[in-house]
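To keep things clear, I will list the structure first and then write my remarks on it.
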Amino acid sequence: AAKRAGGNRVKVFNQQMRVSVQERITGEKMLREALAGDRQQNLPVWFQPIVRAEDGEIVGAEALVRMCTADGTILGPGHFIPAAEETGLIVPLGEHVLRTALRYLQEWSDDLRYISVNVSPRQLAEADFVPLLADLLTASPEIDPRRLVLEITETAMLGSSHDVRERLETIKALGVRIALDDFGTGYSSLTWLQNIPADVVKLDRSFVAGLSSDPRKSSIIQAVLWMARSLGMSAVAEGVEEEADQLALHAAGCPFIQGYLFGKPVPPAEFSERLQRSRMATTP
Ligand code: C2E
Ligand code: MG
Ligand code: MG
Ligand code: MG
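Residue numbering for the sequence shown is 486 to 769, as defined by UniProt numbering.
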């Protein structure tokens, strides 16, 4: 019986491997096709509001890429970012997202202070990344570079940390701001905080969701907010789904928040409407 169970386990394991390899191959193929075709159509960039904790007023947006398959299915980044990272396709994909974000920064210049763009470690490792960023900003002189925020994760620091640090300094010299994404989930968050010249800390959803009813989460959040403030950094709490959490974050002095409570990521047209509505609401 033991042998049979073992045999079954092996079979299940093999099936899972096949599925994941299959999925990776499909993901890569789809991604190549998507990048070769109409990128706006195939790889739409959606936007999620980032709001003031005090009153829910929209101050910024995070750009979050999607993939639209031939049959019209919209895939989240979890389905193709890993393949993109592995194959290096994240480089053209990231450039597409960056260009798109800059276009919308211009379009929404009256209503939106900033757009936050995720930058993968692989992109940051490219020597061409900073020159590309500088070129794009030069090509759009009407966009204040401070309205662009690049979100990086701790894994960006693994490996060539010296180069990356230098690159981040150059990026900051352009006026672009840096946010530490998913803060607190890596294994060296404090080292990171010490070494990276960041402007914003994004508190990971895992510390945020349900904090109003969890004294331990609440203590951790308060400590991180205190550190961020002491270091002259701003903070955004991710994954706020409940009003009680918004209130708790505001009470703890967290200036900005993001989460389904204020809106899920939506296509640009829908985000535009939302900006329009909030402008009408605040214009006397
Ligand atoms: P992230 O940068 O941490 O983005 C936040 C993710 O949390 C988004 O998932 C967002 O939809 C989700 N989220 C926001 N508020 C809530 C909430 O209240 N509850 C819950 N349950 N989730 C919430 P999404 O869009 O699926 O993106 C997942 C990850 O994919 C991102 O995590 C980011 O790491 C990566 N990603 C997305 N777009 C890009 C991109 O253009 N470039 C790169 N390199 N990575 C990207
Ligand atoms: Mg992010
Ligand atoms: Mg995040
Ligand atoms: Mg995250």
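Where a beta carbon is used, it is the ideal one built from N, C-alpha and C, also for glycine. Computed from a predicted structure; not experimentally measured.
Cβ shell of residue i (< 6 Å), same chain only, five flanking positions each side left out
{"i": "Ala722", "result": "Leu688, Val693, Leu734, Cys739 and Ile742"}
{"i": "Phe565", "result": "Gly512, Leu516 and Met552"}
{"i": "Thr655", "result": "Val615"}
{"i": "Ala713", "result": "Val686 and Ala720"}
{"i": "Gly724", "result": "Arg690, Val693, Ala694 and Gly744"}
{"i": "Ser703", "result": "Leu696"}
{"i": "Ala487", "result": "With a pLDDT of 40 at Ala487, under the threshold of 50, the modelled position of this residue cannot be trusted; read the value that follows with caution. Taken in chain order, the list of residues that qualify is empty."}
{"i": "Val604", "result": "Leu635 and Ile637"}
{"i": "Gly492", "result": "Low confidence applies here, because Gly492 scores a pLDDT of 42, under 50, leaving its location unreliable; read the following figure in that light. The answer is none, since no qualifying residue turns up."}
{"i": "Pro577", "result": "Leu520"}
{"i": "Leu574", "result": "Leu516"}
beta-carbon residue i near ligand 1 non-hydrogen atom, thresh 7 Å
{"i": "Ile559", "result": "no"}
{"i": "Glu726", "result": "yes"}
{"i": "Ile510", "result": "no"}
{"i": "Lys749", "result": "yes"}
{"i": "Val721", "result": "no"}
{"i": "Arg690", "result": "yes"}
{"i": "Tyr745", "result": "yes"}
{"i": "Val576", "result": "no"}
{"i": "Pro533", "result": "First, the amino acid is wrong: residue 533 is Gln here, not Pro. Checking the Cβ of Gln533 against ligand 1 gives yes."}
{"i": "Ile600", "result": "no"}
{"i": "Ile566", "result": "yes"}
{"i": "Val550", "result": "yes"}
{"i": "Pro562", "result": "yes"}
{"i": "Val582", "result": "yes"}
Sequence-distant residues of the same chain with beta carbon closer than 8 Å to residue i, five excluded per side
{"i": "Glu755", "result": "none"}
{"i": "Phe498", "result": "In this predicted model, Phe498 has a pLDDT of only 45, less than 50, meaning its place in the structure is not dependable; the value taken from the coordinates is given anyway. Once the five neighbours on either side are set aside, Phe498 has no close Cβ partner at all."}
{"i": "Arg759", "result": "Pro534, Ile543, Gly748 and Val751"}
Any non-hydrogen atom of ligand 2 closer than 7 Å to residue i Cβ
{"i": "Glu547", "result": "yes"}
{"i": "Glu636", "result": "yes"}
{"i": "Asn603", "result": "yes"}
Nonlocal neighbours in the same chain, by C-beta distance under 7 Å from residue i, ignoring five residues either side
{"i": "Glu726", "result": "Ala694, Gly744, Tyr745 and Leu746"}
{"i": "Pro752", "result": "Pro529 and Trp531"}
{"i": "Gln731", "result": "Ala538, Val725, Ile742 and Leu746"}
{"i": "Leu609", "result": "Ile637, Ala641, Val649 and Arg652"}
{"i": "Ala619", "result": "Leu659"}
{"i": "Leu710", "result": "Ala720, Ala737, Gly738 and Cys739"}
Anticipated Cβ contact below 8 Å, residue i with residue j, distance rounded
{"i": "Ala546", "j": "Ile559", "result": "Not a contact, Cβ separation roughly 18 Å."}
{"i": "Leu590", "j": "Ile628", "result": "5 Å"}
{"i": "Leu659", "j": "Pro626", "result": "At roughly 13 Å, the Cβ-Cβ gap does not stay under 8 Å, so Leu659 and Pro626 are not in contact."}
{"i": "Val582", "j": "Ala624", "result": "Contact flag wrong, Cβ pair sits at about 16 Å."}
{"i": "Leu716", "j": "Leu678", "result": "7 Å"}
{"i": "Ala555", "j": "Arg509", "result": "Incorrect: roughly 19 Å between the Cβ atoms, too far for contact."}
{"i": "Ala683", "j": "Ala664", "result": "6 Å"}
Residue i beta carbon near ligand 5 (any heavy atom closer than 7 Å)
{"i": "Gly579", "result": "Ligand 5 is not part of this structure, which contains only ligand 1, ligand 2, ligand 3 and ligand 4."}
*Which runs of the beta strand (DSSP E) spanning at least 3 residues fall entirely within the segment 573-626, listed in chain order?*
599-603
*Quiz: which residues have CB nearer than 6 Å to ligand 3 non-hydrogen atoms*: Asp666, Asp667, Lys687 and Glu723
*Residue ranges of each alpha helix (DSSP H) within the segment 497-574, 4 or longer*: 524-527 and 566-572
*With a floor of 4 residues, list each alpha helix (DSSP H) that falls wholly inside the segment 676-717, ordered by position along the chain.*
690-693 and 700-715
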